[in-house]
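Chain order of the listed sequences is A and B. Under numbering that gives the first Met the number 0, the first residue of the first sequence is numbered 0, with each subsequent residue one higher. Under numbering that gives the first Met the number 0, the first residue of the second sequence is numbered 0, with each subsequent residue one higher.
Protein chains: 2
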Amino acid sequence: MRILGIDPGTGILGFGVVEVSATKRGEFKMVDAGVVTTPAHTPHDERLEDIFNSLTEIIEATKPDVCSVEKLFFTKNITTAMSVAEARGVALLVARQHQVPIFEYTPPQIKQTLTGYGKADKKQVQEMVRVQLGLKDVPKPDDCADALAAAITHAVMTQGVPQAG
Amino acid sequence: MRILGIDPGTGILGFGVVEVSATKRGEFKMVDAGVVTTPAHTPHDERLEDIFNSLTEIIEATKPDVCSVEKLFFTKNITTAMSVAEARGVALLVARQHQVPIFEYTPPQIKQTLTGYGKADKKQVQEMVRVQLGLKDVPKPDDCADALAAAITHAVMTQGVPQAG
Chain A
0 MRILGIDPGT
10 GILGFGVVEV
20 SATKRGEFKM
30 VDAGVVTTPA
40 HTPHDERLED
50 IFNSLTEIIE
60 ATKPDVCSVE
70 KLFFTKNITT
80 AMSVAEARGV
90 ALLVARQHQV
100 PIFEYTPPQI
110 KQTLTGYGKA
120 DKKQVQEMVR
130 VQLGLKDVPK
140 PDDCADALAA
150 AITHAVMTQG
160 VPQAG
Chain B
0 MRILGIDPGT
10 GILGFGVVEV
20 SATKRGEFKM
30 VDAGVVTTPA
40 HTPHDERLED
50 IFNSLTEIIE
60 ATKPDVCSVE
70 KLFFTKNITT
80 AMSVAEARGV
90 ALLVARQHQV
100 PIFEYTPPQI
110 KQTLTGYGKA
120 DKKQVQEMVR
130 VQLGLKDVPK
140 PDDCADALAA
150 AITHAVMTQG
160 VPQAG
């Protein structure tokens, strides 16, 4: 099973593709990962189009079986939240257009799954992403590691792989 | 100038196309209006795809010069707000894909423009939509009238037509 993890955002959107072994439980491999970025002050609708075009290319190139998207979970800046939600709508649209089923996880679910602790800090989660994928370094930038964390969460949730930590 | 007004929503999205006379200031004509609806319990990603497909058809059929979209302006239900924002992101994307410039107005701006009072109630706004477009009845449902109100707001804002009320 191949999982495309997405960490939605307008200025920067992280993605990470993880391949889960069909035979070896808990064996994950990173296939691809990166970010979709647009320069500062790019008009919002242009950003949405960039996200649409880039995600379409990514899905067509990596052919994921499922998509795992970080669920918005805000309490503070409503304007930022709205603009992230607009980008998220475009991401969900592209997955749907390619018949890729979508699963959604909140940040506490992702933290819990990766580290065994729902309030783990960013660094702990990123370190577990590195360990689970057998990488030398933590993937950079953060949005990229977050997207991989979402993908790993779905793998663990559906395959019942023992939690780390 | 032809203006496509959009009132974003996931379960129901209103649209209304208004033609503004190039010679007679303040002369508006309704070209088309309606709603994009999906049955209750339709999966969210399927709704986003319906909105994408329907708006693409509407823009291709009516060829608007600009798009006027109601700006989200929430204080209460964050979950609803997020899901409306996701639909809004898809609407902005479609406009962008067709090179239609986007203008955004908050509900108080729309109310102020249509009725001369930023806290006017829904009924007053709808009645002014009816009057401005020379219609016999208020367009139904509400989402449709709201979309036309957004279109009229842009017309008034850019053409400096005297405010009603």
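Heads up, the beta-carbon is just placed ideally off N, CA and C, and yes, glycines get one too.
* Asked: Quick one: what's got a C-beta closer than 6 Å to A146(A)'s C-beta in the same chain, skipping five residues either side?
  -> Position 147 of the first sequence holds residue 146(A). Closer than 6 Å at Cβ, skipping near neighbours: G4, I5, D6, G13, F14 and G15.
* Report the residues of the region 38-68 of chain B with a CB closer than 8 Å to any CB of chain A, ordered along the chain. => Listed in sequence order: H43, D44, E45, L47, E48 and F51.
* To do: Mind checking who A32(A) pairs with in its DSSP beta bridge?
  => For the purposes of this step, residue 32(A) is taken as residue 33 along the first sequence, with counting starting at 1. For A32(A), DSSP records a beta bridge to G15(A).
* Asked: Apart from the five residues just before and just after A163(B), which ones in its own chain have a Cβ nearer than 8 Å to its Cβ?
  -> Within the second sequence, numbered from 1, the residue matching residue 163(B) stands at position 164. With a pLDDT of only 48 at A163(B), under the threshold of 50, the placement of this residue in the model should not be trusted; the figure read from the coordinates follows. Closer than 8 Å at Cβ, skipping near neighbours: L113, T114, G115, M127, V130 and Q131.
* **Same chain, Cβ closer than 7 Å to V30(B), five either side skipped, listed in chain order** => For this step, residue 30(B) is matched to residue 31 along the second sequence. Within the same chain, R1, V16, V17, E18 and T61 come within 7 Å of V30(B) by CB-CB distance, once the 5 residues on both sides are set aside.
* Asked: Going along the region 91-118 of chain A in order, which residues come within less than 8 Å of chain B, judged by CB to CB distance?
  -> Answer in chain order: L91, L92, A94, R95, Q96 and I101.
* Between E69(B) and T105(B), what straight-line distance do the alpha-carbon atoms span, to the nearest angstrom? -> Counting from one through the second sequence, the residue named residue 69(B) turns up at place 70. Counting from one through the second sequence, the residue named residue 105(B) turns up at place 106. For E69(B) and T105(B), the distance between alpha carbons rounds to 6 Å.
* Any idea which residues DSSP pairs D6(A) with across the strands? -> One-based indexing of the first sequence puts residue 6(A) at position 7. Residue pairing for D6(A): DSSP places it in a beta bridge opposite G13(A).
* Asked: Pairing CB atoms from the region 47-62 of chain A with CB atoms from the region 79-99 of chain B, are three or more of them under 8 Å?
  -> These segments touch.
* Asked: So, are the CB atoms of L71(A) and H43(B) less than 8 Å apart?
  -> As a first step, residue 71(A) is located in the first sequence; it is residue number 72 there, counting from the start. As a first step, residue 43(B) is located in the second sequence; it is residue number 44 there, counting from the start. Inclusion of L71(A) and H43(B) in the CB contact set at 8 Å is not warranted, their separation being larger than that value.
* Asked: chain A beta carbons: is any one of them nearer than 8 Å to that of V35(B)?
  -> Residue numbering aside, residue 35(B) sits at position 36 when the second sequence is read from its first letter. By this cut-off, V35(B) is not an interface position.
* Asked: Buried or exposed: where does P138(A) fall if 16 or more other Cβ atoms within 10 Å of its Cβ makes it buried?
  -> Position 139 of the first sequence, counted from the start, is the residue given in the question as residue 138(A). Buried, since its Cβ has 16 or more Cβ neighbours within 10 Å.
* **Residues bridged to I101(B) (per DSSP)** => Reading the second sequence from its first residue, position 102 is the one you call residue 101(B). In the DSSP output, where bridge partners are listed per residue, I101(B) has C66(B).
* **Beta-ladder partner(s) of R1(B), from DSSP** => Residue mapping note: residue 1(B) aligns to position 2 of the second sequence, counting from 1. Bridge partners of R1(B): E18(B).
* Beta-carbon separation of Q111(B) and G117(B) under 8 Å? -> Along the second sequence, read from residue 1 onward, the residue named residue 111(B) stands at position 112. Along the second sequence, read from residue 1 onward, the residue named residue 117(B) stands at position 118. The beta carbons of Q111(B) and G117(B) sit closer together than 8 Å.
* Rounded to whole angstroms, what's the CA-CA distance from V89(A) to S67(A)? Just pull it up for me. => The residue labelled residue 89(A) in the question sits at position 90 within the first sequence. The residue labelled residue 67(A) in the question sits at position 68 within the first sequence. Rounded to the nearest angstrom, the two C-alpha atoms are 14 Å apart.
* To do: Using a Cβ cut-off of 8 Å (strictly closer), state whether L12(A) contacts chain B.
  => As a position in the first sequence, residue 12(A) is number 13, starting the count at 1. So, not an interface residue.
* Asked: List, in order along the chain, the chain A residues whose C-beta lies closer than 9 Å to that of R87(B)?
  -> In the second sequence, counting from the first residue as 1, residue 87(B) sits at position 88. Neighbours of R87(B) on chain A, chain order: M81, A84, E85 and G88.
* To do: Measure the Cβ-Cβ separation of C143(A) and G10(A) and say whether it is below 8 Å.
  => Stepping through the first sequence from its first residue, residue 143(A) is reached at position 144. Stepping through the first sequence from its first residue, residue 10(A) is reached at position 11. Not closer than 8 Å, so no.
* **Classification of P100(A) by the beta-carbon crowding that lies within 10 angstroms, buried from 16 upward** => As a first step, residue 100(A) is located in the first sequence; it is residue number 101 there, counting from the start. So P100(A) counts as exposed.
* Anticipated Cβ contact below 8 Å, Q125(A) with T152(A), distance rounded -> Within the first sequence, numbered from 1, the residue matching residue 125(A) stands at position 126. Within the first sequence, numbered from 1, the residue matching residue 152(A) stands at position 153. Contact doesn't hold; Cβ gap of about 14 Å is too wide.
* Asked: Could you give the residue range of the alpha helix (DSSP H) that holds P38(B)?
  -> Counting from one through the second sequence, the residue named residue 38(B) turns up at place 39. Looking at the DSSP string, P38(B) is not in any alpha helix (DSSP H), and its letter there is neither H nor E.
* Cβ of L3(B) less than 8 Å from any chain C Cβ? -> Absence of chain C from the displayed structure is noted, the protein chains being A and B.
* Can you find a C-beta in chain A that's less than 8 Å from the C-beta of L132(B)? -> Taking the first residue of the second sequence as 1, we reach residue 132(B) at position 133. It does not: the Cβ of L132(B) has no partner Cβ on chain A nearer than 8 Å.
* Asked: Between A148(A) and F27(A), which are expected to be in contact by the criterion C-beta below 8 Å, what is the C-beta distance as a whole number of angstroms?
  -> Translated into positions along the first sequence, residue 148(A) becomes position 149. Translated into positions along the first sequence, residue 27(A) becomes position 28. With a Cβ gap of about 11 Å, A148(A) and F27(A) do not count as contacting.
* To do: For the alpha helix (DSSP H) containing G115(A), list its first residue and its last residue.
  => The residue you call residue 115(A) lines up with position 116 of the first sequence. Segment: none, G115(A) is in no alpha helix (DSSP H) and carries neither H nor E.
* **Backbone CA spacing between A39(B) and I57(B) [nearest angstrom]** => For the purposes of this step, residue 39(B) is identified with residue 40 of the second sequence, where counting begins at 1. For the purposes of this step, residue 57(B) is identified with residue 58 of the second sequence, where counting begins at 1. Approximately 23 Å between the Cα atoms of the pair.
* **According to DSSP, residues forming a beta bridge with F27(B)** => By 1-based counting over the second sequence, the position of residue 27(B) is 28. In DSSP, F27(B) forms a bridge with V19(B).
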